[in-house]
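The UniProt record's numbering puts the first residue of the sequence shown at 1, with every later residue one more than the last.
Yeah, the Cβ is synthetic: ideal placement off N, Cα and C, and Gly gets one too.
Below: the structure, in structure tokens.
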Amino acid sequence: MMNLNEALRMLRHRAGLTQKQLADMLELDRSSYTYYETGKSTPTVPAFKRISDLYGVSMDTMMGESQESLVRAMDASHRMKVLEEGGPRVRRILLQAHGLEREEMRELVCAVRNLWESR
């Protein structure tokens with residue numbers, strides 16, 4: 001089981017964000033967010049809710065899961081968001097690509113998005 005500060009750091013790295021980028025997205029000072037990741041402070045409930053919403057992972061999951069479970073939850077949330085936004089053709093393609101790794105899925109999504117935008 002991961003500590004909250006470890007989970008926050010892992011999720012941010014997994015999302016490819018800097019502390020500054022994430023703090024800006026959450027409307028927090030970078031120093032406040034840094035304290036969350038170092039364990040010097042814990043997020044307020046509203047800040048914690050914004051963080052969990054951003055990653056698409058429940059607050060309960062962030063508090064009590066292993067790294068593998070947290071990554072699976074984040075990946076599933078990302079896939080669902082892409083499916084919801086993509087329309088029927090994109091959904092069909094992505095559902096057929098279900099077993100792809102995260103980087104392969106990202107490449108596929110970019111390719112589909114480029115095709116979609118070029119129409």
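- Shown here, N114 sits in a helix according to DSSP, grouped into three states.
- Taken through DSSP and simplified to helix, strand or coil, L22 comes out as helix.
- Counted as a single uninterrupted DSSP element, the stretch harbouring D29 is not any alpha helix (DSSP H), since DSSP gives it neither H nor E.
- Fewer than three pairs of CB atoms, one per stretch, sit closer than 8 Å, so the segment 33-44 makes no contact with the segment 52-66.
- Sequence-distant partners of K49 (beyond 5 residues in either direction) whose C-beta falls short of 7 Å from its own C-beta, in its chain, are M59.
- Collapsing the DSSP output to three states places N5 in a helix.
- Cα atoms of L26 and A47: separation of roughly 7 Å, rounded to the nearest angstrom.
- The beta-carbon separation of Y55 and L11, rounded to 5 Å, stays under the 8 Å limit for a contact.
- For K49, the enclosing alpha helix (DSSP H) begins and ends at V45 to Y55.
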